[in-house]
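*Asks:* My questions will all concern the structure given below.
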Ligand SMILES: C[S@@+](CC[C@H](N)C(=O)[O-])C[C@H]1O[C@@H](n2cnc3c(N)ncnc32)[C@H](O)[C@@H]1O
């Protein structure tokens, strides 16, 4: 699995084409409706206010796709102009794909990028947003400067490589990928003949499931985020499909919006596995408080999606636009569509929650909401 995902990242899938949208392999929430990113923008401003309005605000997005989510967030920041007036805002994008970073630059800067970059710097591209905010591109989170930062990862963790394990009569075995002995041009799943080091390391004695998937890269990344937030403050919002340590076999692939055999033509289809939020929580090692996972429909409701929808409907008399707004609302909120499938999970400094209700009910903490009513300065346009 790790091998297949490495092929996906390094040799093709994300590197050289735009897989998002109707003509691609899958559609993500920010591409469905502008409301999605706008409400996430409100959440960040609310967290920035709750941390005492620090003078700098670094927004760091991991895997920004086409840049649509950050673009929608920046529109909200712009609308809140007077509130953020004295704040030094910068955008930091962690992206491995040359193709997608090119599209992000177009979305966010209209093509105003600086290509002459100091080769000793981890910044591989720089630009200025339409509203004059500096934007920097990196390949890894470790390269993003330290400092109070607000991190965002939407449909990013599910793209990271996983290990798969299966319980057998001989004990736990890792599921590996091999050349199919019956068809040398094809791949097949095989069980490791004995326990691999990964099996020893990742399978807990009390494990009750028969199949387990573990994403060590997600564990490392969440540790890094937790350390940064513990040291410098800020917050992280992770949104993805996932579970709380109870699902088994979720590794799958999509091509042209249809399920695809994960072993066929690696590098040409989207490989994905549900995010184990309980594992993410464990891997924070108590350095930060965690909230969620909270279903997407609840998060967006808490953030005021209904108010925003009404304003957009009132602003337009175009029936095609009304239809689009209502259909995209349904896609994001309907429990049978994305409403229950996607979850929001947040990391916050412990002190941020010291006087709130975090000990009562983390699942539904008010910190995964920021009612628009609290934003006197924001008049939705
Ligand atoms: C499924 S797309 C999600 C895009 C976007 N967040 C959205 O929701 O529309 C995954 C994104 O993560 C990037 N990506 C995948 N693996 C990565 C890695 N190891 N490091 C940095 N970026 C990566 C991809 O190039 C792509 O931009």
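Residue numbers (our numbering): 9 to 389. The beta-carbon is built from N, C-alpha and C at its ideal position, and this holds for glycine as well. All figures in this text were calculated on a predicted structure; none of them were measured in a lab.
Could you have a look at residue 91 and say whether DSSP puts it in helix, strand or coil?
*Replies:* Residue 91: helix per DSSP, three-state reduction.
*Asks:* Considering just the uninterrupted stretch of the alpha helix (DSSP H) at residue 352, what are its terminal residues?
*Replies:* From DSSP, residue 352 is part of no alpha helix (DSSP H) but of the beta strand (DSSP E) over 350-356.
*Asks:* I'd like the ranges of any alpha helix (DSSP H) spanning at least 4 consecutive residues and lying wholly in the stretch 20-96.
*Replies:* Entirely contained in the stretch 20-96, the alpha helix (DSSP H) runs reaching 4 residues are, in chain order, 21-24, 37-40, 42-58, 76-87 and 89-92.
*Asks:* Using the rule of at least 16 other Cβ atoms within 10 Å of the residue's Cβ for burial, across every protein chain shown, is residue 325 buried or exposed?
*Replies:* Residue 325 comes out exposed.
*Asks:* Counting C-beta neighbours from all protein chains within 10 Å, is the total for residue 334 16 or more, i.e. buried, or is it exposed?
*Replies:* Result: exposed.
*Asks:* Does residue 128 pass the burial test, meaning 16 or more other C-beta atoms within 10 Å, or should it be called exposed?
*Replies:* Residue 128 should be labelled exposed.
*Asks:* Since I believe residue 66 is in contact with residue 158 (beta carbons under 8 Å), could you give me their beta-carbon distance rounded to a whole number of angstroms?
*Replies:* Sure, about 7 Å apart at Cβ, within 8 Å.
*Asks:* Going by DSSP, what residue range makes up the beta strand (DSSP E) through residue 127?
*Replies:* Residue 127 -> no beta strand (DSSP E), and no H or E assigned at all.
*Asks:* For residue 289, count neighbouring C-beta atoms within 10 Å of its own C-beta (all shown protein chains included) and say buried if the count is 16 or more, exposed if not.
*Replies:* Flag for residue 289 reads buried.
*Asks:* DSSP three-state label for residue 315, please.
*Replies:* Residue 315 falls in the helix class under three-state DSSP.
*Asks:* Please report the straight-line C-alpha distance between residue 85 and residue 254, rounded to a whole angstrom.
*Replies:* Near 38 Å, if we compare the C-alpha coordinates of residue 254 and residue 85.
*Asks:* Skipping 5 residues on each side, what residues in its chain have a beta carbon closer than 6 Å to that of residue 258?
*Replies:* Taken in chain order, the residues that qualify are 281 and 282.
*Asks:* In the DSSP assignment, what residue or residues form a beta bridge with residue 156?
*Replies:* Looking at the DSSP assignment, residue 156 forms no beta bridge with any residue, so it has no partner.
*Asks:* Is DSSP giving residue 263 helix, strand or coil here?
*Replies:* Residue 263: strand per DSSP, three-state reduction.
*Asks:* By the three-class DSSP mapping on this structure, what secondary structure does residue 136 have?
*Replies:* Three-state result, residue 136: strand.
*Asks:* Leaving out five residues on either side along the sequence, give the residues of the same chain with a beta carbon under 6 Å from the beta carbon of residue 200.
*Replies:* 181, 182 and 184, listed in sequence order.
*Asks:* By Cβ distance below 8 Å, which residues in the same chain neighbour residue 147 in space, the five residues on each side in sequence not counted?
*Replies:* 102, 103, 104, 130 and 132, listed in sequence order.
*Asks:* DSSP state of residue 282, grouped into three classes?
*Replies:* DSSP places residue 282 in coil when its eight states are reduced to three.
*Asks:* At the level of alpha carbons, what is the spacing between residue 379 and residue 88?
*Replies:* A caution first: residue 379 carries a pLDDT of 49, below 50, which makes its placement in the model unreliable, though a value can still be read off. In a straight line, the C-alpha of residue 379 is about 15 Å away from that of residue 88.
*Asks:* From 115, 328, 304 and 227, pick the residue whose C-alpha is nearest to that of residue 343; which is it?
*Replies:* The shortest C-alpha separation from residue 343 is found at 304.
*Asks:* Is the beta carbon of residue 30 within less than 7 Å of some heavy atom of ligand 3?
*Replies:* Ligand 3 is not part of the structure shown, which contains ligand 1 as its ligands.
*Asks:* In whole angstroms, give me the CA-to-CA distance for residue 246 and residue 353.
*Replies:* Spanning the two alpha carbons is a distance of roughly 5 Å.
*Asks:* Could you pull out every unbroken alpha helix (DSSP H) segment of at least 4 residues lying fully inside the stretch 170-257, listed in chain order?
*Replies:* Complete alpha helix (DSSP H) runs here, min 4: 205-210 and 224-240.
*Asks:* Go to residue 167, then tell me how far its beta strand (DSSP E) extends in each direction, as first and last residue.
*Replies:* Residue 167 -> no beta strand (DSSP E), and no H or E assigned at all.
*Asks:* Where do the N-terminal and C-terminal ends of the beta strand (DSSP E) with residue 143 fall, by residue?
*Replies:* First-last of the beta strand (DSSP E) with residue 143: 142-146.
*Asks:* When you compare the CB positions of residue 261 and residue 251, do they come within less than 8 Å of one another, or not?
*Replies:* No.
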